[in-house]
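Structure, as structure tokens:
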Amino acid sequence: MLQQIFALVIIALFIWRLFEQKNKKKINLNEFYFWLIFWCLGALAIVFIRQIDRLVEFLGFSGSGINFLLYLTVMILFYLVFKLRLSLAKLDSNLTEIARKIALDKVNKLDDENTKENKDQ
Amino acid sequence: MKKICIIPAYNEAEHITEVISRVRPFVDEIVVVDDCSSDDTAQLAQAAGATVLKHPINRGQGAALQTGNDYALLKNADIIIHFDADNQFCAEEIPDLILPITSGRAQVALGSRFLTKKSKLPASKKNIIMPLARLVNRLFFNIKLSDPQSGFRVFSKEAAQKIEIKNDGMAHCSEILHQLFKNKLKIEEVPITVVYHEFGQKFSSGFKIIKDLLIRKIIK
Numbered sequence: 013m014l015q016q017i018f019a020l021v022i023i024a025l026f027i028w029r030l031f032e033q034k035n036k037k038k039i040n041l042n043e044f045y046f047w048l049i050f051w052c053l054g055a056l057a058i059v060f061i062r063q064i065d066r067l068v069e070f071l072g073f074s075g076s077g078i079n080f081l082l083y084l085t086v087m088i089l090f091y092l093v094f095k096l097r098l099s100l101a102k103l104d105s106n107l108t109e110i111a112r113k114i115a116l117d118k119v120n121k122l123d124d125e126n127t128k129e130n131k132d133q
Numbered sequence: 002m003k004k005i006c007i008i009p010a011y012n013e014a015e016h017i018t019e020v021i022s023r024v025r026p027f028v029d030e031i032v033v034v035d036d037c038s039s040d041d042t043a044q045l046a047q048a049a050g051a052t053v054l055k056h057p058i059n060r061g062q063g064a065a066l067q068t069g070n071d072y073a074l075l076k077n078a079d080i081i082i083h084f085d086a087d088n089q090f091c092a093e094e095i096p097d098l099i100l101p102i103t104s105g106r107a108q109v110a111l112g113s114r115f116l117t118k119k120s121k122l123p124a125s126k127k128n129i130i131m132p133l134a135r136l137v138n139r140l141f142f143n144i145k146l147s148d149p150q151s152g153f154r155v156f157s158k159e160a161a162q163k164i165e166i167k168n169d170g171m172a173h174c175s176e177i178l179h180q181l182f183k184n185k186l187k188i189e190e191v192p193i194t195v196v197y198h199e200f201g202q203k204f205s206s207g208f209k210i211i212k213d214l215l216i217r218k219i220i221k
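Those sequence lines, one after another, are chains A and B.
Count along the first sequence starting at 1, add 12, and that's the number in our numbering.
Count along the second sequence starting at 1, add 1, and that's the number in our numbering.
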């Protein structure tokens, strides 16, 4: 029981920080809702940990509900890291496009200047 | 026929002037794509008479080659040559690679270090890295070529228009081959000589290439 209260207090702190960040406009509305739902689900999981224990047992997993939540969290983290890796690769690709455009624009500008100079002469 | 040679370069101040002077007799324009070198590569290339395209940040050899391709196509090149800046290829062999295209036998000519001519390859590269690279190309793309990682290649304009190099790093070699086969372009392998001053890619680079290919397959 004490552990559950402790975990809920920590989640409340995170939610308070989340509202603070939203008020300071450090995060956008979509991010705010994502994390709010995430922490609320976490709080619900802690409140109903006994029921989750029973559900996990019913599903045939050995170990307690808290273990199951831990495994689930690791899986979600893996997925998020994977998504992050993909978005980084896309960002990288956009960066290349910009570098390429700058390189080509510069040389084209130089070409135009040379052509103009030759015409003037 | 307008021939443009693209030389991607990153910190190649030691070799770039000599490479440009050796390539010049065989092409109409030399384009050095300076991939944000920290040495004098760009200035030396410009002084040697090459057109220099400068990436403001380092993006890798694949990215530099695509920048060069874009430029060559903008300038209406009929023949586009990819050549390395490290002075390991023989510029005298450029006409050998152009010939299959001008004669209409092929749309792309790929230099191969494993046909009749003898290149002095380091033993580990010849016996371990290259067979592994061939295996990866067969598994990933069903490509059967004698030299899957050669950077000496020549494209006709039509072929270059169909190729878009998306892998910025060293995985571009496999990607180019894949696109050549996907677009059903006529390919001819031409024997080339490579003189190694340095070992080239490390063994670990091979794993990075595989990782890059996998990521590119997922995000495409």
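Don't be surprised by glycine CBs; every beta carbon is placed ideally from N, CA and C.
Bear in mind the structure is a predicted one, so any value in this text is a computation, not a measurement.
Residues of chain B whose Cβ lies closer than 9 Å to the Cβ of residue 104 of chain A are, in chain order, 60 and 169. Non-local beta-carbon contacts of residue 33 of chain B in its own chain, meaning distances under 6 Å to residues more than five positions away in sequence, involve 8, 10, 46, 51 and 53 in chain order. Residues of the same chain with a CB within less than 8 Å of the CB of residue 67 of chain A, apart from the 5 flanking positions on each side, are 77 in chain order. Annotated three-state conformation of residue 131 of chain A is helix, per DSSP. DSSP places residue 37 of chain B in the coil class of the three-state scheme, outside both helix and strand. Residues of chain B whose Cβ lies closer than 7 Å to the Cβ of residue 114 of chain A are, in chain order, 57. The beta-bridge partner set that DSSP reports for residue 212 of chain B is empty.
Membership of residue 195 of chain B in any beta strand (DSSP E) is not indicated, and neither H nor E is assigned to it by DSSP.
Per DSSP, the continuous beta strand (DSSP E) segment holding residue 4 of chain B begins and ends at 4-10. Contact between residue 117 of chain B and residue 192 of chain B is confirmed by a C-beta separation of about 5 Å, below the 8 Å threshold. Note: residue 137 of chain B is not bridge-paired with any residue in the DSSP secondary-structure output. Contact note: residue 216 of chain B reaches chain A through 97, 98 and 101, using a C-beta cutoff of 8 Å and chain order. In the three-state reduction of the DSSP assignment, residue 154 of chain B falls in the strand class, which pools E and B.
Within the same chain, 77 come within 6 Å of residue 61 of chain A by CB-CB distance, once the 5 residues on both sides are set aside. For the pair residue 70 of chain A and residue 32 of chain A, the Cα-to-Cα distance works out to about 40 Å. In chain order, 55 make up the part of chain B whose C-beta sits under 7 Å from the C-beta of residue 118 of chain A. Within the same chain, Cβ atoms closer than 6 Å to the Cβ of residue 135 of chain B are found at 149, the five residues on either side in sequence being excluded. DSSP places residue 53 of chain B within a strand segment (E or B) once states are collapsed to three.
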